[in-house]
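Heads up: the sequence shown at position 352 corresponds to 352 in full-length UniProt numbering, and the numbers run straight through without jumps. The block underneath contains the structure these notes are about, expressed in structure tokens.
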Amino acid sequence: MRVLLYSDLDAASIPGFQKLRSALEADNFRQADVRKIGDNLYRARLNKRDRVLFSLYRHAHETCCLILEYLRNHAYERSRFLAGDAVIDEDKIPRLQAPEEAEAAPLSYLHPTRERFHLLDKILTFDDEQEAIFASPSPLVIIGSAGSGKTALILEKLKQAIGDVLYVSLSSYLVTSARELYYAHGYDNPDQSVDFLSFQELLETIQVPQGRQVENRDFQDWFQRHRQGSGLSDSHKLYEEIRGVITGATTASGWRSREEYLELGVKQSIFPEAERPRVYDLFERYLAFLGEQGLYDPNLVAHDHLALVQPGYDFVVIDEVQDITNVQLYLILKSLREPGQFLLSGDANQIVHPNFFSWASVKSLFFHEHDLTRHGEVVRILHANYRNAPLVTALANRILKIKHARFGSVDRESNYLIHSAVEQSGQVQLLENRETLKRELDNRTARSTRFAVIVLHPAQKEEARRWFRTPLVFSIQEAKGLEYDSAILYNVISEDADMFQAITQGVAPEDLEREELDYRRGKDKHDKSLEIYKFFINALYVAVTRAVRNVYLVETQLDHPLLQLLNVASLEGELQLQQDDSSLEDWQHEARRLELQGKDEQAQAIREQILDEQPVPWTVLDRAGFEELRHQALVEGGKKQRLEVFEYALLHHHRPTLNALAEAGFKPALNDKAKAAHQLHRNHFMSYEMSHPTAVLRDTQRYGVDHRIRFGLTPLMIAARLGNSALVAQLIERGANPTLTTNNGFTALHFALEQAMLDDTFARQRFPALYPLLAPASLNVQVDGRLVKLDRRLMETFLLELLQAMFYRHLGPVLAWNHGYTAQDIEGWVSRLPDSVLPARRKRRAYLSSVLAKNEIQREDRYNRKLFLRLRRGHYVLNPALKLRDGASWIGLHERFLLEDLGIRRSAERLSSQEIRLFDADFLRRQDQYQQDTLKTQRGTLLSLGAGSQGGQ
Numbered sequence: 001m002r003v004l005l006y007s008d009l010d011a012a013s014i015p016g017f018q019k020l021r022s023a024l025e026a027d028n029f030r031q032a033d034v035r036k037i038g039d040n041l042y043r044a045r046l047n048k049r050d051r052v053l054f055s056l057y058r059h060a061h062e063t064c065c066l067i068l069e070y071l072r073n074h075a076y077e078r079s080r081f082l083a084g085d086a087v088i089d090e091d092k093i094p095r096l097q098a099p100e101e102a103e104a105a106p107l108s109y110l111h112p113t114r115e116r117f118h119l120l121d122k123i124l125t126f127d128d129e130q131e132a133i134f135a136s137p138s139p140l141v142i143i144g145s146a147g148s149g150k151t152a153l154i155l156e157k158l159k160q161a162i163g164d165v166l167y168v169s170l171s172s173y174l175v176t177s178a179r180e181l182y183y184a185h186g187y188d189n190p191d192q193s194v195d196f197l198s199f200q201e202l203l204e205t206i207q208v209p210q211g212r213q214v215e216n217r218d219f220q221d222w223f224q225r226h227r228q229g230s231g232l233s234d235s236h237k238l239y240e241e242i243r244g245v246i247t248g249a250t251t252a253s254g255w256r257s258r259e260e261y262l263e264l265g266v267k268q269s270i271f272p273e274a275e276r277p278r279v280y281d282l283f284e285r286y287l288a289f290l291g292e293q294g295l296y297d298p299n300l301v302a303h304d305h306l307a308l309v310q311p312g313y314d315f316v317v318i319d320e321v322q323d324i325t326n327v328q329l330y331l332i333l334k335s336l337r338e339p340g341q342f343l344l345s346g347d348a349n350q351i352v353h354p355n356f357f358s359w360a361s362v363k364s365l366f367f368h369e370h371d372l373t374r375h376g377e378v379v380r381i382l383h384a385n386y387r388n389a390p391l392v393t394a395l396a397n398r399i400l401k402i403k404h405a406r407f408g409s410v411d412r413e414s415n416y417l418i419h420s421a422v423e424q425s426g427q428v429q430l431l432e433n434r435e436t437l438k439r440e441l442d443n444r445t446a447r448s449t450r451f452a453v454i455v456l457h458p459a460q461k462e463e464a465r466r467w468f469r470t471p472l473v474f475s476i477q478e479a480k481g482l483e484y485d486s487a488i489l490y491n492v493i494s495e496d497a498d499m500f501q502a503i504t505q506g507v508a509p510e511d512l513e514r515e516e517l518d519y520r521r522g523k524d525k526h527d528k529s530l531e532i533y534k535f536f537i538n539a540l541y542v543a544v545t546r547a548v549r550n551v552y553l554v555e556t557q558l559d560h561p562l563l564q565l566l567n568v569a570s571l572e573g574e575l576q577l578q579q580d581d582s583s584l585e586d587w588q589h590e591a592r593r594l595e596l597q598g599k600d601e602q603a604q605a606i607r608e609q610i611l612d613e614q615p616v617p618w619t620v621l622d623r624a625g626f627e628e629l630r631h632q633a634l635v636e637g638g639k640k641q642r643l644e645v646f647e648y649a650l651l652h653h654h655r656p657t658l659n660a661l662a663e664a665g666f667k668p669a670l671n672d673k674a675k676a677a678h679q680l681h682r683n684h685f686m687s688y689e690m691s692h693p694t695a696v697l698r699d700t701q702r703y704g705v706d707h708r709i710r711f712g713l714t715p716l717m718i719a720a721r722l723g724n725s726a727l728v729a730q731l732i733e734r735g736a737n738p739t740l741t742t743n744n745g746f747t748a749l750h751f752a753l754e755q756a757m758l759d760d761t762f763a764r765q766r767f768p769a770l771y772p773l774l775a776p777a778s779l780n781v782q783v784d785g786r787l788v789k790l791d792r793r794l795m796e797t798f799l800l801e802l803l804q805a806m807f808y809r810h811l812g813p814v815l816a817w818n819h820g821y822t823a824q825d826i827e828g829w830v831s832r833l834p835d836s837v838l839p840a841r842r843k844r845r846a847y848l849s850s851v852l853a854k855n856e857i858q859r860e861d862r863y864n865r866k867l868f869l870r871l872r873r874g875h876y877v878l879n880p881a882l883k884l885r886d887g888a889s890w891i892g893l894h895e896r897f898l899l900e901d902l903g904i905r906r907s908a909e910r911l912s913s914q915e916i917r918l919f920d921a922d923f924l925r926r927q928d929q930y931q932q933d934t935l936k937t938q939r940g941t942l943l944s945l946g947a948g949s950q951g952g953q
């Protein structure tokens, strides 16, 4: 049996490893004392104390042993690959005598000779091209198609970096996915601190722009209103000129002046010289539009931020670099402490966003701004594709050959073909756009999450929906970044037949019979063909490569010259396609996945068309509804409303209401609150505690997985509060959103944390399974007008969540005496948590005190995140000026966690005037007028607390 080692393992430091390796290679499991301890996880015995963990995989009819981890002294609880609280009783686990007794998982690719493997969310061995790139120093530019393994490769390169590291991409979904891959299986690197940021988040870490970022739909709506009389008709072309040419370059001001723009060379603009004055006229109107609507253009903000950005990173990775502009790239690279410590990754053949990107312009930026690169960049190209089936890859290559034959080489970096490393051949079929065939195709795919319909332009989606009932209908720009098992390209070529016919001009079939692309530039510099048709040929390439296995081209003009050049076989006979219906759970999961990627239109279509979600038949108590019900119960004396108000107050720990009901002599409010909460659970949430919560899941199908009960909680919040981790996992798998908040600002995690702090058994037995399911990858807060992104791995993040969870339970009783949270309080709470949730060192009082002090707003420290305000020695509260992310906008801390809900009579007893003045001075000295106004609003909230909380006391 072949034995491979995880790249992080040093075999020389493992005593007795060579002897163990020899036993495994000889298939002698008896000598290695092999026992199964998890799902495809085995342990072998090194000696009396030490163990090795490994997995078994099968590739090309060969079983391989992949050594994962070395454990000293039976320390299974420290394993990255076992649950932190795993208890392994070796005497009760039977031995395996031979590899045949174990189940080896299939592995799609394994290098035939390499002895090391890498690990993200799955096993990786690099091919020779990838290995050469992995061993190359920075700076580095990695180019490869979708499915070439770029992201996996750059994440493994990222692990080699030391110090402060940045991973950035335009897509926030890609950033989140990359982070999850990076930290899969508990990966930890103490030599680095990594920020995973979208480009918008990077801008916000420098300074949060005012307003909302302009989107493509905003531009399209604006253009339609100004199109008449402009002499211009192509909105995409205009947007690309504005984003990529006028504002995208690194100029002294935020954009090129009219004179600079009109003097550009013929290859530096999409438009001919005669049309540029009209383009600039519209650009000036666009600037006015941004100001009128409170929108901002990321290019213009990037220009402004060039004067503000400070070198703060030792290494930077930019993924999908073809989606960003030169000025954005320049801003990112200016954040480096040392020039040249960067890695770029992308594919210019996938450009469908309007940004005028080219590798030539990137190299030109490096040439003119040589301080960015140190000693120049190294370009490496990946030719293998590990995602798309061979026939799909062949079609994609055919498109690249046509592009090359028609326009010549775009640049040296995009002058390559790809080959598929996938075993299944897949299918590519041309189908005539006729009613019977479309209905047949629709009947077999309409309820499957594995099929997507792709059109070229957003306006064409409506026509596609007339024939295809699937909610998964995308324009090409929406489809970028997605992948589906099969893609139906609906009239992509026929709807723009003239454009695609122009693309084929002068291209003969024999021009495409080549295995490599030779480098040759177009002869006529004044020829704008590539700029005019680039979107169309790139869009077709992107649409095809969205399909993992099968592509179906439904076209009206089967004799179109481009289809003839693509050499796609037309359907003869019956459609060979089995009906494929996905489960409702699959559709719930797909809706959530699309929401996370910003595809709200398709997610909503899933809920309406497939899930058939209905509005809940009860009135959900929002804040206003609760106040009205509270008035009826407390002021009007409504006895019927008192119990409901009491139950609401219990769930939200609304102290003013609990106090008022107790003062009114309401018996349940006078009794033990824990017993009252237990009775509330029995009355309303019994179905959430069952091992098979059929009723709960049925309601999620009927009303949506994130529907609200009468008290404003989602099913996920209730399951988290009750500690049912199995149900929490099911709900998240079906697409439940853990970031949703209820009326008191709590997320599902806050409900679970609150219960853990109140109940030792809950903390020890239930919370460890809940925490990794509910804790977000990161928290975004705004401090001093800047985004601070707190990764889940930071202690500051845990403290922020904990102090929010204890806001009502703890802060109300102590704040009246000018007390806050102390390290001693926190130590008492977290001491009950197992080490799998929080390591022992992080639960010590001295450590907790240091974290609080390090992040106190008045402290002068480069790494101070300013999360806490010190009221007095050792007593802290959350910084009242914090802002929390609320969808696309921000909300003040005490707009979410209302101070009046603490039930305190007089705010003057909480903050002395001296402390308020210190608090003000600290902020007024550092912030511009915008931050001053924010502070004044927060201080006003603090000072009005007493007046706002008098009722019902």
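C-beta atoms are modelled at their ideal positions from N, C-alpha and C, and glycine is treated no differently.
- It is roughly 24 Å from the alpha-carbon of P772 to the alpha-carbon of S171.
- Leaving aside the five residues that flank T556 on each side, the residues in its chain whose CB is nearer than 7 Å to its CB run, in chain order, N433, N491, S494.
- Contact between the region 603-614 and the region 495-503 is absent: fewer than three C-beta pairs spanning the two stretches fall below 8 Å.
- Cα atoms of N216 and R278: separation of roughly 21 Å, rounded to the nearest angstrom.
- By the Cβ neighbour-count rule, I270 is buried, with 16 or more other Cβ atoms within 10 Å of its own.
- For I67, the pairing in a beta bridge is given by DSSP as L5, F54.
- Boundaries for A135: no alpha helix (DSSP H) harbours it, and the DSSP string shows neither H nor E there.
- Spanning the alpha carbons of R51 and R45 requires a straight line of approximately 5 Å.
- Out of R2, T205, F126, the CA that lies nearest to the CA of L790 is found in T205.
- Pairwise C-beta distances place the region 183-198 in contact with the region 147-166, as three or more of them are shorter than 8 Å.
- Secondary structure note for E432: its beta strand (DSSP E) is the uninterrupted segment 427-432.
- The C-alpha of S198 is placed about 20 Å away from the C-alpha of V362.
- Distance from the CA atom of A389 to the CA atom of D485, rounded to whole angstroms, is 10 Å.
- Under the criterion of beta carbons closer than 8 Å, E115 and L5 qualify as touching, at roughly 6 Å.
- Listed as beta-bridge partners of A384 by DSSP are H419.
- Nearest neighbour of D586 by Cα position, chosen from E320, I154, L800, A603, turns out to be A603.
- Ranked by how close their Cα comes to the Cα of P617, the residues T742, R708, E627 have R708 in first place.
- Counting only runs of 3 or more residues that sit fully inside the region 742-813, the beta strand (DSSP E) segments are 778-783, 786-791, in chain order.
- In the three-state reduction of the DSSP assignment, F126 falls in the coil class, being assigned neither a helical nor a strand state.
- DSSP places E478 inside the alpha helix (DSSP H), whose first and last residues are 476-479.
- If you look at R885, you'll find it in the beta strand (DSSP E) that goes 883-886.
- When the Cα atoms are used, A662 and V645 turn out to be separated by approximately 12 Å.
- Rounded to the nearest whole angstrom, the C-alpha separation of A252 and G408 is 34 Å.
- Close CB contacts of H111 within its chain, under the 6 Å cut and outside five residues either way in sequence, are with T125 (chain order).
- Only residues of its own chain outside the window of five on either side were considered, and among them I402, T504, V507, P509, L512 have a CB closer than 7 Å to the CB of L565, listed in chain order.
- When the beta-carbon positions are compared, F117 and L66 come within less than 8 Å of each other.
- Contact between Q427 and L391 holds: CB atoms are separated by about 6 Å, below the 8 Å threshold.
- Per DSSP, reduced to three states, the secondary structure at E856 is strand.
- In the three-state reduction of the DSSP assignment, Y296 falls in the strand class, which pools E and B.
- Going by beta carbons, Q501 and Y173 fall outside the 8 Å limit.
- In this structure, L838 sits away from F868, with a CB-CB distance that is not shorter than 8 Å.
- For A348, no alpha helix (DSSP H) encloses it, and the DSSP letter there is neither H nor E.
- The beta carbon of G294 is closer than 8 Å to those of Q210, G211, R212 in its chain, skipping five residues each way along the sequence.
- If you check the CB distance, V327 and Y386 do not come in under 8 Å.
- Per DSSP, the beta-bridge partners of E555 are E432.
- Comparing C-alpha distances from T151 to each of L120, H894, A135 shows the shortest one belongs to L120.
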